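Respectively, the protein sequence lines represent chains A and B.
Each residue of the first sequence is one higher than the one before, starting from 419 at the first, in my numbering.
Each residue of the second sequence is one higher than the one before, starting from 419 at the first, in my numbering.
Note that CB positions come from ideal geometry on N, CA and C, so glycine has one too.
The structure displayed is predicted, hence computed values, not measured ones.
Worksheet: the structure to be examined is printed underneath.
Number of protein chains: 2
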Amino acid sequence: MLQAKVTIVGLGLMGGSLALSLRLAQRVARTPYPTHITIVDTNPATLQAAERLADVVTSDFAVGVAEAELVILATPVRTVLHLLAELAVLRPEGCMVLDLGSTKRDICAAMAALPTGFGAIGGHPMCGKETAGFSSATPDLYRDKTFVLCRNGRTTEQIETLVLNLLAIVGAQPLFLPPDVHDEMVAAISHLPYVVAGSLMRTAAGMADDRLWTVSASGFRDTARVSGTDPRMMLDILMTNKTAVLQQLQRYQAEITAVTALIEAGDEEKLAAWLVETQKDYFAYREKKG
Amino acid sequence: MLQAKVTIVGLGLMGGSLALSLRLAQRVARTPYPTHITIVDTNPATLQAAERLADVVTSDFAVGVAEAELVILATPVRTVLHLLAELAVLRPEGCMVLDLGSTKRDICAAMAALPTGFGAIGGHPMCGKETAGFSSATPDLYRDKTFVLCRNGRTTEQIETLVLNLLAIVGAQPLFLPPDVHDEMVAAISHLPYVVAGSLMRTAAGMADDRLWTVSASGFRDTARVSGTDPRMMLDILMTNKTAVLQQLQRYQAEITAVTALIEAGDEEKLAAWLVETQKDYFAYREKKG
């Protein structure tokens with residue numbers, strides 16, 4: 419059984435849900451695990467809400483990580499990068515580190531550059547919502563969700579075992595992927611959908627006709643939903659996964675340009691084939707997803 | 419209190435849900451209304467399932483409409499157009515007609531061209547699902563949903579009153595719109611989302627990597643959902659609302675091209691502004707939608 423003093427940095431949707439889940443587990447377990455929870459956040463209101471979830475709450479990163487055995491960085495990607503650099507200075511002897519950032523290539527490169535005493539692994543739980551922040555956090559957010567883990571030059575057996583135990587506690591399903599592969603995949607199934615949904619939202623809002631919303635139904639609601647994503651998180655994603663996102667956007671543009679041409683030409687036969695194929699793709703995805 | 423012999427043509431999601439809802443109302447009402455329900459469908463399995471919902475079931479349109487006071491056409495748009503022409507021949511003295519088609523300009527023009535004895539109004543319930551067919555039908559599908567009504571040259575007080583009563587029974591909210599305005603609005607909030615979601619589905623499926631589905635979460639699922647829409651229904655929509663759909667596609671393409679350029683340029687300031695504005699648009703829509 420692992421024992422650890424855990425520090426969660428950033429009490430948003432991901433960090434908050436993790437804290438809720440771990441606190442719940444800690445209370446029902448015979449041997450409390452983690453033994454000690456520290457929460458670091460810079461928002462005073464969030465810190466106050468965090469008090470019941472942690473043994474220590476602080477707005478000071480240096481204080482929060484001083485005694486941590488496992489540091490979990492649950493902030494936007496570029497803040498993770500910044501905090502990893504700080505951690506190398508604050509804890510030169512090393513500690514264990516996991517992050518929950520949305521892109522993994524830059525973060526895993528930064529992890530690999532940590533001093534040799536560190537044990538670090540990249541993480542990305544696939545359970546976003548369009549509503550961010552601690553107020554949207556729930557203890558069961560991770561349950562049965564895929565949790566991508568990215569090994570890098572500082573990944574030790576110890577951090578891997580510790581994190582797999584953590585995932586078992588919150589009920590997540592680990593999936594090991596190289597950072598590059600992860601970033602290409604999320605460009606296709608997360609970042610592209612965001613840009614697509616955001617552009618749709620802007621197009622509809624640009625009509626400046628409130629009757630649109632009365633007429634709109636679940637189709638628009640679902641297609642546009644992720645356009646509500648936190649802009650700060652999204653900016654970091656688009657800035658750190660630019661190449662893969664642009665590649666997917668190019669593939670997408672080719673697809674939508676082709677179907678637009680079929681509509682414009684009134685090419686009924688080819689358009690019908692496109693529609694049938696698209697529905698087939700959707701059903702195949704739903705079947706594989708289960 | 420209105421009495422009517424109602425014939426529902428096409429027992430898919432819309433027609434089926436209407437039949438379920440009316441049958442339920444008929445059974446609990448002190449004065450049964452509608453007094454008589456006939457269902458017309460060409461699928462033998464569907465007709466068998468329809469038996470408990472109707473007094474008469476038939477695969478023959480001519481038989482089904484022979485004695486109807488109100489004919490409800492619940493088929494894809496171009497089948498509605500075809501059936502309206504047949505109806506003019508089968509019932510030259512006229513009857514009352516409502517349709518549930520997804521585009522309204524062509525249908526309302528065809529209604530206006532019916533013989534003078536007809537009372538006709540265009541309808542479009544805003545409560546689609548990506549799963550079509552009678553098997554997805556539910557008696558509460560229309561409850562609290564917007565039901566667009568389009569007056570035309572054959573709209574009489576009688577058909578309007580009858581249909582408003584029908585909407586009250588199924589719990590839908592009527593919204594009167596001119597056919598052209600309806601078609602422009604649904605191009606923006608229904609047909610564009612379909613093309614957008616379909617192109618996304620094709621782009622992701624084109625990766626031909628099943629690990630994508632393991633990594634994908636609710637964001638992809640919701641953004642891609644309407645790509646499962648019935649191809650036959652969608653083909654009729656795109657063929658009968660081509661101009662408005664192409665106009666929305668053009669506006670959308672301009673939007674996504676602009677944000678792609680910001681990502682490509684790494685223009686952090688403008689990209690951040692775009693992300694913030696997009697989230698604002700989404701929240702404003704959610705607030706207005708309630």
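Practice problem: Could you pull out every residue in the same chain whose Cβ sits closer than 8 Å to the Cβ of residue 688 of chain A, ignoring the five residues on either side in sequence? | Solution: Excluding sequence neighbours, residue 688 of chain A sits near 680.
Quiz item: Which term fits residue 478 of chain A, buried or exposed, when burial requires 16 or more other beta carbons within 10 angstroms of its beta carbon?
Solution: Exposed.
Quiz item: Between the stretch 546 to 553 of chain B and the stretch 526 to 537 of chain B, do at least 3 Cβ pairs fall closer than 8 Å?
Solution: No contact exists between the stretch 546 to 553 of chain B and the stretch 526 to 537 of chain B.
Quiz item: Considering only residues of the same chain and omitting the five flanking positions on each side of residue 459 of chain B, which have a CB-CB separation below 7 Å?
Solution: Contacts found: 428, 429, 465, 468, 477.
Quiz item: Can residue 624 of chain B and residue 645 of chain B be called in contact, C-beta distance under 8 Å?
Solution: Contact flag unset, no.
Quiz prompt | Whole-angstrom distance between residue 453 of chain B and residue 419 of chain B, CA atom to CA atom | solution = Bear in mind that a pLDDT of 40 at residue 419 of chain B, under 50, signals an unreliable position, so the number given afterwards is only what the model happens to contain. Rounded to the nearest angstrom, the two C-alpha atoms are 11 Å apart.
Quiz item: Measuring CB to CB, does residue 518 of chain A end up less than 8 Å from residue 492 of chain A?
Solution: In this structure, residue 518 of chain A lies near residue 492 of chain A, with their beta-carbon atoms less than 8 Å apart.
Practice problem: Tell me, please, whether the stretch 579 to 589 of chain B touches the stretch 558 to 567 of chain B by the rule of three or more beta-carbon pairs shorter than 8 Å. | Solution: The count of Cβ pairs closer than 8 Å, one atom from the stretch 579 to 589 of chain B and one from the stretch 558 to 567 of chain B, reaches three, so the stretches are in contact.
Exercise. Kindly indicate if chain A contains any beta-carbon less than 8 Å away from that of residue 596 of chain B.
Key: No, because no Cβ of chain A sits closer than 8 Å to the Cβ of residue 596 of chain B.
Quiz item: At a cut of 8 Å, does the stretch 479 to 498 of chain B reach the stretch 646 to 661 of chain B through at least three beta carbon pairs?
Solution: Contact holds: three or more Cβ-Cβ distances are below 8 Å.
Practice problem: Anything in chain B within Cβ reach of residue 624 of chain A, meaning under 8 Å, just list it in chain order. | Solution: Simply 669, 673.
Quiz item: Leaving out the 5 sequence neighbours to the left and right, which residues in its chain are closer than 7 Å to residue 564 of chain B when beta-carbon positions are compared?
Solution: For residue 564 of chain B, where only same-chain residues beyond five positions count, the Cβ hits under 7 Å are 544, 591, 593.
Quiz prompt | Simplified DSSP assignment, three categories, for residue 651 of chain B | solution = Secondary structure at residue 651 of chain B: helix, using DSSP grouped into helix, strand and coil.
Exercise. Could you tell me if residue 697 of chain A is buried or exposed, where buried requires 16 or more neighbouring beta carbons within 10 angstroms of its beta carbon?
Key: So residue 697 of chain A ends up on the buried side.
Quiz item: Beta-carbon of residue 422 of chain A versus every beta-carbon of chain B: anything under 8 Å?
Solution: Not closer than 8 Å to any Cβ of chain B, the Cβ of residue 422 of chain A fails to qualify, so no.
Exercise. Return the residues of the stretch 434 to 460 of chain B that lie within a Cβ-Cβ distance of less than 7 Å from chain A, sorted by chain order.
Key: For the stretch 434 to 460 of chain B, which is checked against every Cβ of chain A, not one residue is closer than 7 Å.
Self-check item: Bridge partners - residue 538 of chain A, DSSP secondary structure assignment
Solution: Answer by DSSP bridge pairing, in chain order: A/515.
Quiz prompt | residue 710 of chain B to residue 654 of chain B span [Cα, whole Å] | solution = What the structure shows of chain B is the stretch from 419 to 708, and residue 710 of chain B is not part of that stretch, so it cannot be assessed.
Quiz item: With 8 Å set as the bound, which would you pick, yes or no: does the beta-carbon of residue 649 of chain B sit closer than that to a beta-carbon of chain A?
Solution: Interface with chain A (8 Å Cβ-Cβ cutoff): residue 649 of chain B is included.
Quiz item: Under three-state DSSP, which class holds residue 526 of chain A?
Solution: If DSSP states are grouped into helix, strand and coil, residue 526 of chain A belongs with the helices.
Exercise. Find the residues of chain A that neighbour residue 693 of chain B, judging by a C-beta separation of less than 7 Å, and give them in chain order.
Key: Neighbours of residue 693 of chain B across chain A, judged by C-beta separation under 7 Å: 649, 652, 653.
Quiz item: Is it buried or exposed for residue 522 of chain A, if we count other Cβ within 10 angstroms and need 16 for buried?
Solution: Buried is the call here.
Quiz item: Among A/643, A/582, A/597, which one has its Cα closest to the Cα of residue 530 of chain A?
Solution: When each option's Cα is compared against that of residue 530 of chain A, the closest is A/597.
Quiz item: Taking only beta-carbon atoms, is residue 701 of chain B less than 8 Å away from chain A?
Solution: It does; some Cβ of chain A falls within 8 Å.
Quiz item: In chain B, what lies closer than 8 Å to residue 642 of chain A by C-beta?
Solution: Per Cβ cutoff of 8 Å: 611, 700, 703.
Practice problem: Please state if the CB of residue 580 of chain B and the CB of residue 422 of chain B are separated by a distance shorter than 8 Å. | Solution: Less than 8 Å separates the beta-carbon of residue 422 of chain B from that of residue 580 of chain B.
Self-check item: Length of the line joining the Cα atoms of residue 708 of chain A and residue 634 of chain B
Solution: Their backbone Cα atoms lie some 12 Å apart in a straight line.
Quiz item: In chain B, what lies closer than 8 Å to residue 686 of chain A by C-beta?
Solution: The contacting residues are 653, 657.
Quiz item: What does residue 513 of chain A touch in chain B if you count any residue whose Cβ is under 9 Å from its own?
Solution: Against residue 513 of chain A, chain B offers no close residue; the least beta-carbon distance is about 28 Å (beta-carbon pairs closer than 9 Å).
Quiz item: So, does the CB of residue 589 of chain A fall closer than 8 Å to a CB anywhere in chain B?
Solution: Answer no: the Cβ-Cβ gap between residue 589 of chain A and chain B never drops below 8 Å.
Quiz prompt | Expected contact under 8 Å - CB spacing of residue 621 of chain A and residue 669 of chain B to nearest Å | solution = Right, their Cβ atoms sit about 5 Å apart.
Quiz item: Leaving out five residues before and five after residue 425 of chain A in sequence, what residues of the same chain have Cβ atoms less than 6 Å from its Cβ?
Solution: Excluding five sequence positions before and after residue 425 of chain A, the CB atoms of its chain that fall closer than 6 Å to its own CB belong to 456, 482, 483, 486, 489, given in chain order.
Quiz item: Is any beta-carbon of chain B found at less than 8 Å from that of residue 607 of chain A?
Solution: With 8 Å as the cut-off, residue 607 of chain A counts as an interface residue toward chain B.
Self-check item: Positions along the stretch 521 to 539 of chain B whose CB lies within less than 8 Å of some CB in chain A
Solution: Answer set for the stretch 521 to 539 of chain B: empty.
Practice problem: Check whether the Cβ of residue 618 of chain B lies closer than 8 Å to any Cβ atom in chain A. | Solution: Yes, because at least one Cβ of chain A sits closer than 8 Å to the Cβ of residue 618 of chain B.
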